[in-house]
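Engineer:
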Amino acid sequence: MSEFIGVNILNFVKELPNDDACKAYLTKIKWRDGFKCTKCGNTKECEKSGYKYHCYSCDHVESATANTLFHKVKFGLHKAFCIVFEMSTSSKSLSSIQVGKRYGISQTTSWFFMQKVRKSMESSKKHFLSELVHVDEFTVGRKEQDKQGRSYDPKKKKAIIAVELTDKHRVKRVYVKSIDDYSSKSLIPIFEEHIDTSAKIFTDKWRGYEPLKEICNIT
Ligand SMILES: [Zn+2]
């Protein structure tokens with residue numbers, strides 16, 4: 004197989020049934036134009052053994068996964084390949100909870116891996132909000148008189164907003180997403196899809212954000 008093309012998961016798993024098949028696939032794709040040492044640039048004095056290349060010029064050994072999305076993936080290359088396949092072929096966005104359950108890995112693990120995948124898939128289009136990020140919920144519609152805090156009026160449209168600020172507290176970039184309610188399940192996607200886990204995040208301390216504290220840097 005040269006390059007897998009298609010959206011059929013059964014064919015995908017048939018072509019790439021285990022970790023070794025995925026390693027072989029990666030080896031082929033990564034060095035399709037021949038080996039070039041990432042340390043010294045040498046292209047000639049090298050030897051391939053299994054899914055690695057040994058550069059004799061500088062003694063560097065490079066694995067097929069080095070400098071790729073799949074580097075140091077602890078839950079196995081096959082699962083990682085399947086997650087990337089699902090993410091790139093699904094029209095709806097997948098949640099880290101779903102993926103964690105489906106592949107028997109923790110939500111934190113699937114979150115970090117999926118964010119890495121999203122970043123590399125979208126790096127040319129958009130960048131994750133980072134550094135200082137403020138997150139808040141709001142409703143769209145007339146203001147309810149004498150009412151503060153969250154609106155539970157079912158007729159009002161609810162949304163969540165994430166704002167990246169400069170160090171002078173000026174607005175840099177913004178993402179808004181509509182939400183059905185204020186549950187963690189509804190609040191989480193904007194974090195998964197748009198906010199870097201390294202960002203310092205400020206919220207109004209609503210309990211819906213609590214489960215995110217294990218993964219994100221939330222104040
Ligand atoms: Zn080298």
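Just so we're on the same page, the numbering used here is the position in the sequence shown counted from 1, plus 3.
From the three backbone atoms N, C-alpha and C, an ideal C-beta is built for every residue, glycine too.
Computed from a predicted model, the values in this text were never measured in an experiment.
Less than 9 Å separating the beta-carbons of phenylalanine 115 and threonine 200?
Structural biologist: yes
Engineer: Run the CB neighbour count on phenylalanine 194, radius 10 Å, all protein chains shown included, and call it buried at 16 or more, exposed below.
Structural biologist: buried
Engineer: According to DSSP, is serine 127 helix, strand or coil?
Structural biologist: Note on serine 127: pLDDT 45, under 50, position unreliable in the model; the coordinate value appears next. Coil.
Engineer: Just list the alpha helix (DSSP H) runs in the segment 18-51, keeping only unbroken ones of 4 residues or longer that don't cross its boundaries, in chain order.
Structural biologist: Runs found: 22-33.
Engineer: Taking DSSP as the reference, what is the three-state secondary structure of leucine 97?
Structural biologist: Residue state, collapsed to three classes: coil.
Engineer: Can you check DSSP and say which residues form a bridge with tyrosine 230?
Structural biologist: No answer is possible for residue 230: it lies beyond the span of the chain, which begins at 4 and ends at 222.
Engineer: Beta-carbon within less than 6 Å of isoleucine 100's beta-carbon, same chain only, minus the 5 sequence neighbours each way: which residues are those?
Structural biologist: Gln110
Engineer: For threonine 112, which residues of its own chain have a beta-carbon under 8 Å away from its beta-carbon, when the five flanking residues on both sides are left out?
Structural biologist: Apart from the 5 residues on each side of it in sequence, threonine 112 sits with its Cβ closer than 8 Å to the Cβ of Lys77, Phe78 and Gly103 in its chain, given in chain order.
Engineer: Using only Cβ atoms and a threshold of 5 Å, which residues come within that distance of a heavy atom of ligand 1? Order them by chain position.
Structural biologist: So the residues near ligand 1 by this Cβ test are Cys40, Lys42, Cys43, Asn45, Cys58, Ser60, Cys61 and His63.
Engineer: Distance, Cα to Cα, leucine 97 vs glutamate 89?
Structural biologist: 8 Å
Engineer: From which residue to which residue does the beta strand (DSSP E) around isoleucine 204 run?
Structural biologist: 203-205
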